[in-house]
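Numbering (the UniProt record's numbering), first residue to last: 1 to 410.
Positions of the beta carbon are idealized from the N, C-alpha and C atoms, including for glycine.
Note that the coordinates shown come from a computational prediction; the quantities given were computed from them, not determined experimentally.
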Ligand SMILES: *Cc1c(COP(=O)(O)O)cnc(C)c1O
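1. Return helix, strand or coil for residue 321, following the three-state DSSP convention.
2. Among the candidates 370, 389 and 378, whose CA atom is the shortest distance from the CA of residue 33?
3. With distances taken from CA atoms, which of 221, 116, 272 and 75 is nearest residue 104?
4. Considering only the alpha carbon of each residue, which of 385, 390 and 214 lies closest to residue 355?
5. Do residue 246 and residue 107 have their C-beta atoms closer together than 8 Å?
6. Quick check: the Cα distance between residue 291 and residue 338, rounded to an integer number of angstroms?
7. Closer than 7 Å to a non-hydrogen atom of ligand 1 - does that hold for the CB of residue 132?
8. Hey, which residues come within less than 6 Å of ligand 1, measuring from Cβ to any heavy atom, in chain order?
9. Just the Cα atoms here: how many angstroms apart are residue 88 and residue 265?
10. Taking the alpha-carbon of residue 250 as reference, which of 307, 217, 80 and 375 has the nearest alpha-carbon?
11. Just the Cα atoms here: how many angstroms apart are residue 94 and residue 233?
12. Looking only at its chain, what residues have a beta carbon closer than 6 Å to the beta carbon of residue 231, apart from the 5 residues adjacent to it on each side?
13. Could you give the distance in angstroms between the alpha-carbon of residue 68 and the alpha-carbon of residue 278?
14. Which residues bound the beta strand (DSSP E) around residue 262?
15. Does the contact criterion of 3 or more C-beta pairs under 8 Å hold for the region 52 to 62 versus the region 268 to 283?
16. Please confirm if residue 159 has its CB atom under 8 Å from at least one CB of chain D.
17. Is the beta carbon of residue 391 closer than 8 Å to that of residue 342?
18. Spell out a yes or no on whether the region 5 to 13 and the region 137 to 154 are touching, meaning 3 or more CB-CB pairs, one atom from each, closer than 8 Å.
19. Inspect the CB distances between the region 155 to 167 and the region 126 to 135 and report whether three or more fall short of 8 Å.
20. What's the gap between the Cα of residue 20 and the Cα of residue 256?
21. Rounding to the nearest angstrom, what Cα-Cα distance links residue 239 and residue 223 in this structure?
22. In this structure, does DSSP put residue 100 in helix, strand or coil?
23. Taking the alpha-carbon of residue 118 as reference, which of 330, 85, 282 and 147 has the nearest alpha-carbon?
24. Does the separation of the CB atoms of residue 418 and residue 162 fall below 8 Å?
25. Helix or strand or just coil, what does DSSP make of residue 190?
26. Determine the direct distance from the alpha carbon of residue 376 to that of residue 97, and round the result to whole angstroms.
27. Excluding five sequence neighbours on each side, which residues of the same chain lie with their C-beta closer than 6 Å to the C-beta of residue 220?
28. By a C-beta neighbour count over all protein chains shown, 10 Å radius and 16 as the cutoff for buried, is residue 9 buried or exposed?
29. Could you have a look at residue 333 and say whether DSSP puts it in helix, strand or coil?
30. For residue 300, count neighbouring C-beta atoms within 10 Å of its own C-beta (all shown protein chains included) and say buried if the count is 16 or more, exposed if not.
31. Please go through the same chain and pick out, in chain order, the residues whose beta-carbon is closer than 6 Å to the beta-carbon of residue 177, but skip the five residues on each side of it.
32. Just grab the DSSP bridge partners of residue 349 for me.
33. Mind checking who residue 431 pairs with in its DSSP beta bridge?
34. For residue 367, does the count of other Cβ atoms within 10 angstroms reach 16, so buried, or fall short, so exposed?
35. Indicate the three-state DSSP secondary structure (helix, strand or coil) for residue 83 in the structure shown.
As structure tokens, then:
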């Protein structure tokens, strides 16, 4: 008999997005006349077409594969040098990161989940609340937690509450953690960490011999020049941090799939006997054993994000989405709601009207305004009383959402 990984049975059944889908389906079945009016601002997926420079590069990549003379088979598992070097030149030029410290993959969701392969058992895992659910669920699958309680909090995880008081940026805890997940700009709250806040986190990691897993999937949306884009802008981070980046949200690659992990060779973890081993060495082995590289046309397309044309077109996309975020902030504020985020991130995080829970507000927005938002409690119990509006949409849809929100709350 084949036994199973029983940790999977600890996972909560009602995952956030399926539940949203279920409620939207039930509503449209009961109200077919309203189906066409529904505007989705729920799932964090981009909506606009790929920039032309990126499409052109992908086409060229496909054409190369179409001829024997220019054909490519398996590429390097770590990713093509042309892409790793373009990443370093454009994003880490002054930070002392080298191209062989960059690992190309097919997504940050996979990377942030797979990274647990290289860590041992018994680590204390610190996770912000609310949080991107992938960090939690992959730790449950890996056996790093006990069971969930009635509120959905897993035994054994160190939850770092984020709230209006701390501006949705977790304070360093008094407890000792070994692995810390940070995501800035943040999904779902849209908050960003200042340099001083990141310095405090790096100091904490060094003092506790901990590793920070820094998810910078939304760094391209930072508008404030004072806000760091990379954890490696912080002194000492190259001893204790791993950074995850993705082309999903800046280049619109959610359906194309390309991302990367940066692991400086100076970051180490310990064996049970106290010997220090570079995490780079372990990830390199893991990556080349379990992954065979992102596809060639996709890596060509990703490199085009850094061409002159590509940069200008990606900036236009970011400006479009951030223009949406600005309108959403204005509308939610005008409706008298408490608003966070949206200034350096494509997510606006809004306090529910008095007396409404996150799911109450979800139902109200769906039934009375036909707008799909994401209930904050779906990202953790500290998200209760809030909802997330995504700025990933057309301008016309966002303007309509703004009008409906104001009418709904007025
Ligand atoms: C969208 C997103 C990513 C990117 O995931 P991909 O798998 O690269 O598409 C990573 N982290 C967070 C928090 C995200 O919201």
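By the coordinates alone:
1. In the three-state reduction of the DSSP assignment, residue 321 falls in the helix class.
2. Residue 33 has its Cα closest to that of 370, out of 370, 389 and 378.
3. If we check each option's Cα against that of residue 104, 75 comes out closest.
4. Nearest C-alpha to residue 355: 385.
5. For residue 246 and residue 107, yes; Cβs fall inside 8 Å.
6. Approximately 44 Å, taken between the alpha carbons.
7. Result yes, Cβ under 7 Å from ligand 1.
8. Residues flagged by the Cβ proximity filter: 44, 107, 108, 109, 132, 183, 187, 215, 217, 246, 248, 249, 254 and 259.
9. Cα to Cα, the separation comes out at about 15 Å.
10. Ranking the options by Cα distance to residue 250, first place goes to 217.
11. Rounded to whole angstroms, residue 94 to residue 233 spans 9 Å at the Cα level.
12. Answer for residue 231: 214, 237, 241 and 243, listed in chain order.
13. About 40 Å.
14. Per DSSP, the continuous beta strand (DSSP E) segment holding residue 262 begins and ends at 259 to 262.
15. Because the criterion of three Cβ pairs below 8 Å is not met, the region 52 to 62 and the region 268 to 283 do not touch.
16. In summary, chain D is missing from the structure at hand, where a single protein chain is found.
17. The answer is yes: Cβ separation under 8 Å.
18. Judged by pairs of C-beta atoms under 8 Å, the region 5 to 13 touches the region 137 to 154, as three or more such pairs exist.
19. Inter-segment contact for the region 155 to 167 and the region 126 to 135 is present: three or more beta-carbon pairs are separated by less than 8 Å.
20. One C-alpha to the other measures close to 24 Å.
21. Rounded to the nearest angstrom, the two C-alpha atoms are 28 Å apart.
22. Helix.
23. Nearest to residue 118 by alpha-carbon distance, out of 330, 85, 282 and 147, is 282.
24. Residue 418 cannot be examined here, being either before or after the span of the chain that is shown, 1 to 410.
25. DSSP places residue 190 in coil when its eight states are reduced to three.
26. Going from the Cα of residue 97 to the Cα of residue 376 covers about 36 Å.
27. The answer, listed in chain order, is 250 and 318.
28. It is exposed - the Cβ of residue 9 has fewer than 16 other Cβ atoms within 10 Å.
29. Residue state, collapsed to three classes: helix.
30. Label assigned to residue 300: buried.
31. Result list for residue 177: 124, 126, 158 and 210, in chain order.
32. Under DSSP, the beta-bridge partners assigned to residue 349 are 340 and 388.
33. Because the chain in this structure spans residues 1 to 410, residue 431 falls outside the shown range and cannot be described.
34. By the neighbour-count rule (16 or more Cβ atoms within 10 Å), residue 367 is not buried but exposed.
35. Residue 83 falls in the helix class under three-state DSSP.
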